[in-house]
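Here the structure comes first, spelled out in structure tokens, and everything after it is commentary.
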Amino acid sequence: MKYIISIMFVIFYTASNSASLDSPDFSNIKKNDLSWNDWVNKMKIQLKKENFKKSTIDIFDTLTFNPRVIELDRKQPEFKLTFDEYLSKVIGEKKKKQIKLEFNKNKELLKKIENKFNVNSKILVALWGIETSFGKYTGKFDILRSLASLSYDGRRTTFFQKELKNSLKIIDNGHFPKKDFYGSWAGAFGQTQFMPSTFIKYAVDFDGDNRKNLFKKSDALASGANYLNKTGWTNGTTWGERFNIEITKKMKSLSKKKQFKKIDFWKKIGFTIKKKYNKNQLLRLVIPDSNFNECYLVSKNFDVILGWNRSSYFALTVFLFADEIK
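Residue numbers for the sequence shown follow this note's numbering, beginning at 629 and rising by one.
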């Protein structure tokens, strides 16, 4: 999802759908010439022309600039953890036990979602666990205040103003009250941490109350499944597996080119395949920054997860976490 923020490890990594933010670009920030109050008034005029409800527009009168979100935006570090360090921080032993408990506790709901959207429920639970620790940590920032502050700031005005307007549409449509609209500093919210634009495209009302409420487990998980389904998920496909093998120049080249090859190809160049795959299934090689000569063969579903978050570390962690559910 665009600029989706994982609450549980925002201190380690931030990513966007369009380009990795490992090293955010701070070189071309344009300072806003307007005062905050003048900018708010200009936005209110613009929103009125775009036919937003008066009650929604009036929310702007309650918003104040939040320097904390700008500080967090400026302090995004380069991503320097190895994959092994990242993996251990995101899914420790306690989390591995917890995913099994949550999966079993929610089996009935997960089965209904999997049947409707044809998306592996283990993957959904893994995403849910990584994003918000199974709904426990959805963020404490006022979404509208954060997005307004980031829109005003100038680093990514166009992007954040689009997200701000989408967040106002969500309020306009009454999916949940303004008092509940809290999430990450960058605007992601709910148990699956959607950005407002992702909500507009993919959120669903799964519990039938005529609202799409990502703070509810059923709507959040179903919306995550709908997202994966609409962006190319193929159910019943083995995601891939891990290998400890001497990594050659040829392998590095194949990994860099992201070339998908048949199983027989990988066997011929030295991979001992352990999992079962469809005869014509295609896999590509991913070599994370690891301390253990480690690499992975992955299916095209890996790239679907990359659409959710552009970090290869994130995508690998999702699949490895899901594998904890036996």
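For glycine and all other residues, C-beta sits at the position ideal for the given N, C-alpha and C.
Around the C-beta of A943, are 16 or more other C-beta atoms found within 10 angstroms, so that it is buried, or is it exposed? buried
- Item | Stretch-stretch touch, CB-based, cutoff 8 Å, three pairs: the region 661-669 with the region 736-753 | no
| query | So with Cβ pairs under 8 Å, would you call N841 a contact of chain D? | reply | Reference to chain D is not applicable here, since this structure consists of a single protein chain.
Problem - Three or more C-beta pairs below 8 Å linking the region 807-823 and the region 783-798 - result: yes
Q | Separation of T766 from T760, as counted between CA atoms | A | 6 Å
* What separation, rounded to the nearest whole angstrom, lies between the Cα atoms of K739 and D931? -> 24 Å
Note down the Cα distance separating S940 from R773, rounded to an integer number of angstroms. C-alpha separation (whole angstroms): 31 Å.
Next on the checklist: On a Cα-Cα basis, can you pick out the residue from L796, F809, K829 and E874 that is closest to D686?
Outcome noted: Distance from the Cα of D686 is smallest, within the candidate group L796, F809, K829 and E874, for L796.
Extent of the continuous alpha helix (DSSP H) run through V832
Premise fails: V832 is in no alpha helix (DSSP H) and is neither H nor E.
Rounded to whole angstroms, what is the Cα-Cα separation between K928 and K858?
Between the alpha carbons of K928 and K858 lies a distance of about 14 Å.
Is F949 buried or exposed, if buried means 16 or more other CB atoms sit within 10 Å of its CB?
F949 should be labelled buried.
By a C-beta neighbour count over all protein chains shown, 10 Å radius and 16 as the cutoff for buried, is F731 buried or exposed?
buried
Notebook entry, point to check: Closest by CA to D689, which one among L709, N665 and K728?
Noted result: D689 has its Cα closest to that of N665, out of L709, N665 and K728.
Distance check for W867 and F947, CA to CA, integer angstroms please. 7 Å
Checklist entry - If you draw a straight line from the C-alpha of S683 to the C-alpha of F769, how long is it? => result 21 Å
State the start and end residues of the unbroken alpha helix (DSSP H) segment that holds V747.
Segment: none, V747 is in no alpha helix (DSSP H) and carries neither H nor E.
- Task: State the start and end residues of the unbroken beta strand (DSSP E) segment that holds R870.
- Result: The continuous beta strand (DSSP E) containing R870 extends over residues G868 to N872.
Taking the straight line between their C-alpha atoms, what separation do you get for K903 and F804? 44 Å
Give the C-beta separation of D712 and N937 to the nearest angstrom, bearing in mind that I take them to be a contact with Cβ-Cβ under 8 Å.
D712 to N937, Cβ: 19 Å. No contact.
Report the residue from S716, K722, T710 and Y780 whose alpha carbon sits nearest the alpha carbon of I698.
Y780
| Whose CA, out of D833, A848, F680 and E678, lies closest to the CA of G757? | A848
- Item | Rounded C-alpha distance that separates A816 from K896 | Our two residues, A816 and K896, have alpha carbons roughly 44 Å apart in a direct line.
Original post:
Looking at the structure shown, is S651 part of a helix, part of a strand, or coil, going by DSSP?
Top reply: In this predicted model, S651 has a pLDDT of only 42, less than 50, meaning its place in the structure is not dependable; the value taken from the coordinates is given anyway. In the structure shown, S651 sits in coil (DSSP, three-state: anything other than H, G, I, E or B).
Where the alpha helix (DSSP H) containing L934 begins and where it ends: Start and end: N929 to W936.
Worksheet item: What are the partner residues of G811, as DSSP defines its beta bridges?
Response: F769 and F817
| request: Could you check if L755 is buried or exposed, using at least 16 other CB atoms within 10 Å of its CB as the buried criterion? | output: Under this definition L755 is a buried residue.
- Item | Cα-Cα separation between K885 and I673, rounded to whole angstroms | One Cα belongs to K885, the other to I673, and the distance between them is close to 49 Å.
- prompt: Less than 8 Å separating the beta-carbons of I891 and Q909?
  reply: yes
Suppose you measure from the CA of Q726 to the CA of K889; what does that come to, to the nearest Å?
Rounded to the nearest angstrom, the two C-alpha atoms are 35 Å apart.
Item checked: Between the CA atoms of K676 and I639 - distance to the nearest angstrom -> With a pLDDT of 34 at I639, under the threshold of 50, the predicted position of this residue should be treated as unreliable, though the coordinate-derived value follows. The straight-line gap from Cα to Cα measures roughly 38 Å.
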